[in-house]
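K.L.:
Dropping a structure here in structure tokens format, bear with me for questions.
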Amino acid sequence: MAADLLGRVLVSGVGERRVAVRLTEVEAYAGRADPASHSYRGRTPRTAVMFGPPGHLYTYFVYGMHWCANIVTGADGDASAVLLRAGEVVGGLEDARARRARASRDHELARGPAALATALGFDAGTNGVDLCAADGTVALYPGSPPRPAAVRNGPRVGVAAAADAQQRFWIADDPTVSAFRAWTPRRRSAGAGRVGGGS
DNA sequence: ATTAGGATCTTCT
DNA sequence: GAAGATCCTAATG
């Protein structure tokens, strides 16, 4: 299950850089039966990787500027995945800082799904990468599991559908875990609301 | 410390 | 055409 990924270490060798992150926060998306999952509405070009075999990276673009990464967990055709929400950079600190110049402290380098993806260099090019390939650019290692008593769970962040599902898991008292934000509707930008056909 | 709002574009309806 | 598994900065207490 998703919580088993906590404490495991993801090593990325993308772009001549090598960064390792120990996962401290994840979210589970239960395939086609989960209204909050990208795979809920069936297979599309974007979600094709989710419908494939487990152990592959599924990356997607959100909000017009960020990349986020999942690990496909369900059996072939199941379309379940785990969103990697946050982690502690345990290797390649210099490279991670270079990619995340905005982060003022090291514990913020991979705090939040888009931040984590940026720190590891994930984007369209890493979609579908096999984590078990011998020569893969990204690999998953056992790492060090958290104390079972330190594992917490709660609602998923920023998700409108199935908001009551307690499918977010994190390691208690870890500074790299992102702050919880319930889903809120975004206001439309002023310009987008223009009336009339203009010009 | 906390909150509110803007940026920006792919995907599916 | 509308909404989205977010991050960052600026303004306010």
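In this text, residue positions in the first sequence follow this note's numbering: the first is 259, and each later residue adds one.
In this text, a Cβ means the ideal position worked out from N, Cα and C, and glycines have one as well.
Applying the 10 Å Cβ sphere with the 16-neighbour rule, what's the burial state of residue 326?
P.N.:
Per the 10 Å Cβ criterion, buried.
K.L.:
Do residue 387 and residue 343 have their C-beta atoms closer together than 7 Å?
P.N.:
Cβ atoms of residue 387 and residue 343: not closer than 7 Å.
K.L.:
Counting along the chain, where does the alpha helix (DSSP H) carrying residue 376 start and finish?
P.N.:
That run of the alpha helix (DSSP H) goes 371-378.
K.L.:
Throw me the rounded Cβ distance for the residue 314 and residue 307 pair, which I believe falls under 8 Å.
P.N.:
Going by Cβ atoms, the distance from residue 314 to residue 307 rounds to 6 Å, so yes, they are a contact pair.
K.L.:
Look at the alpha carbon of residue 348 and the alpha carbon of residue 277, and state the distance between them as a whole number of angstroms.
P.N.:
Residue 348 and residue 277: Cα-Cα distance of roughly 8 Å.
K.L.:
If you draw a straight line from the C-alpha of residue 422 to the C-alpha of residue 293, how long is it?
P.N.:
The alpha-carbon atoms of residue 422 and residue 293 are separated by roughly 12 Å.
K.L.:
Mapping the DSSP letters down to three states, classify residue 272 as helix, strand or coil.
P.N.:
Here residue 272 sits in helix by DSSP.
K.L.:
Rounded to whole angstroms, what is the Cα-Cα separation between residue 210 and residue 395?
P.N.:
What is shown of the chain runs 259 to 457, which leaves residue 210 out entirely.
K.L.:
So, is residue 399 buried or exposed, given that buried needs 16 or more other C-beta atoms within 10 angstroms?
P.N.:
Label assigned to residue 399: exposed.
K.L.:
Enumerate in chain order the residues of its own chain whose CB-to-CB distance from residue 335 is below 7 Å, with the five nearest sequence positions on each side excluded.
P.N.:
Closer than 7 Å at Cβ, skipping near neighbours: 309.
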